[in-house]
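Notes for the one structure printed next.
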């Protein structure tokens, strides 16, 4: 049974550059979530997809952030014009109901 | 809005000693409650969950948690801690029919030999 996978695991970028992260959920899971975790904090919800529809977005998701799940399978999270405050771990999770299973995360460092 | 409080930022226990990590939540209806564990640089692993029914729930790795509605608590326990249990533990609440988890700030567990 393959778990949630995320790519890349680590990303270092310069301020002002665009970055894109990918998440592959567990294959039969129709729900997909993105969270952001900063040092010393618990994960914070960013957005949620059911199949290909983006149904909920947090106020944390500024207009520089965009997420897609084009065919209801994998998802991408893009951050445009990165800022140092975007440095964090970006976690993806998937589920079929209430139990969410997390991937290993993508650690973003903006220099 | 629902919230989760984990009062202890760090806890240190001796290997073989018992463990209790505290979690309090704020939510009007019956919450769906979870404990996750995170090793350094890794994602979160689900330890256990409470939806309804028996208030004492068993999880993986020998962990259990007890839901106490009167105290709005969902504390995590383990009778005998192993060195491999050193990690960060997060309590989370999911609103019924909701789609997002709200997490506490986490408790870092250190195990001394």
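Chains as they are written, first to last, in my numbering: chain A, 1 to 111; chain B, 112 to 224. All C-beta atoms, glycine included, are put in the ideal place defined by N, C-alpha and C.
- Cutoff 8 angstroms: residue 153 of chain B Cβ touching any chain A Cβ: The residue you call residue 153 of chain B lines up with position 42 of the second chain. Judged by the 8 angstroms Cβ criterion, residue 153 of chain B is in contact with chain A.
- Task: Whole angstroms is fine: what's the gap from residue 146 of chain B's alpha carbon to residue 154 of chain B's?
- Result: As a working mapping, residue 146 of chain B is identified with position 35 in the second chain. As a working mapping, residue 154 of chain B is identified with position 43 in the second chain. Straight-line spacing of the CA atoms in residue 146 of chain B and residue 154 of chain B works out to 13 angstroms.
- Message: Quick check: the Cα distance between residue 19 of chain A and residue 79 of chain A, rounded to an integer number of angstroms?
- Response: Counted from its first residue, the first chain places residue 19 of chain A at position 19. Counted from its first residue, the first chain places residue 79 of chain A at position 79. Their backbone Cα atoms lie some 5 angstroms apart in a straight line.
- Task: Classify residue 181 of chain B as buried or exposed, calling it buried when 16 or more other Cβ atoms lie within 10 Å of its own Cβ.
- Result: Here residue 181 of chain B refers to the residue found at position 70 of the second chain. Around the C-beta of residue 181 of chain B, fewer than 16 other C-beta atoms lie within 10 Å, and the residue is accordingly described as exposed.
- For residue 171 of chain B, three-class secondary structure by DSSP: In the second chain, counting from the first residue as 1, residue 171 of chain B sits at position 60. In the structure shown, residue 171 of chain B sits in a helix (DSSP, three-state: H, G or I).
- For residue 50 of chain A, which residues of its own chain have a beta-carbon under 7 angstroms away from its beta-carbon, when the five flanking residues on both sides are left out? The sequence position of residue 50 of chain A within the first chain is 50, counting from 1. Same-chain partners within the cutoff: 30, 31.
- Opposing strand residues paired with residue 235 of chain B [DSSP bridges]: In the structure as shown, chain B starts at 112 and stops at 224, and residue 235 of chain B therefore has no counterpart that could be examined.
- Query: Which whole-angstrom value describes the C-beta separation of residue 107 of chain A and residue 10 of chain A, a residue pair presumed to lie in contact below a C-beta threshold of 8 angstroms?
  - Reply: Here the question's residue 107 of chain A lines up with position 107 in the first chain. Here the question's residue 10 of chain A lines up with position 10 in the first chain. About 5 angstroms; that satisfies the 8 angstroms criterion.
- Interface positions of the stretch 49-76 of chain A facing chain B (Cβ-Cβ less than 9 angstroms), listed along the chain: Legend: CB atoms of the stretch 49-76 of chain A lying less than 9 angstroms from CB atoms of chain B belong to residues 50, 55, 56, 58.
- Message: In this structure, how does DSSP classify residue 59 of chain A when only helix, strand and coil are distinguished?
- Response: By 1-based counting over the first chain, the position of residue 59 of chain A is 59. Residue 59 of chain A sits in coil when the DSSP states are folded into three classes, being neither helix nor strand.
- Thinking just about the alpha-carbon of each residue, which of B:177, B:131, B:126 is nearest to the one in residue 119 of chain B? Here residue 119 of chain B refers to the residue found at position 8 when the second chain is read from its first residue. For residue 119 of chain B, the closest alpha carbon among the candidates B:177, B:131, B:126 is that of B:131.
- Query: If you count every other CB in all the chains shown that lies within 10 Å of the CB of residue 55 of chain A, and 16 or more means buried, which is it?
  - Reply: Mapped onto the first chain, residue 55 of chain A falls at position 55. Exposure of residue 55 of chain A is indicated by the presence of fewer than 16 other C-beta atoms within 10 angstroms of its C-beta.
- Run the CB neighbour count on residue 42 of chain A, radius 10 Å, all protein chains shown included, and call it buried at 16 or more, exposed below. Here residue 42 of chain A refers to the residue found at position 42 when the first chain is read from its first residue. Of the other Cβ atoms in all chains shown, 16 or more fall within 10 Å of the Cβ of residue 42 of chain A; this residue is therefore buried.
- Message: Rounded to the nearest angstrom, what separates residue 151 of chain B and residue 197 of chain B at their Cα positions?
- Response: Sequence index remark: in the second chain, residue 151 of chain B carries index 40 (1-based). Sequence index remark: in the second chain, residue 197 of chain B carries index 86 (1-based). Between residue 151 of chain B and residue 197 of chain B, the alpha-carbon positions lie close to 10 angstroms from each other.
- Message: So the candidates are B:222, B:200, B:123, B:223; which of them puts its Cα closest to the Cα of residue 115 of chain B?
- Response: Here the question's residue 115 of chain B lines up with position 4 in the second chain. Nearest to residue 115 of chain B by alpha-carbon distance, out of B:222, B:200, B:123, B:223, is B:200.
- Message: For residue 139 of chain B and residue 185 of chain B, I'd like the C-alpha separation in whole angstroms.
- Response: The residue labelled residue 139 of chain B in the question sits at position 28 within the second chain. The residue labelled residue 185 of chain B in the question sits at position 74 within the second chain. Going from the Cα of residue 139 of chain B to the Cα of residue 185 of chain B covers about 15 angstroms.
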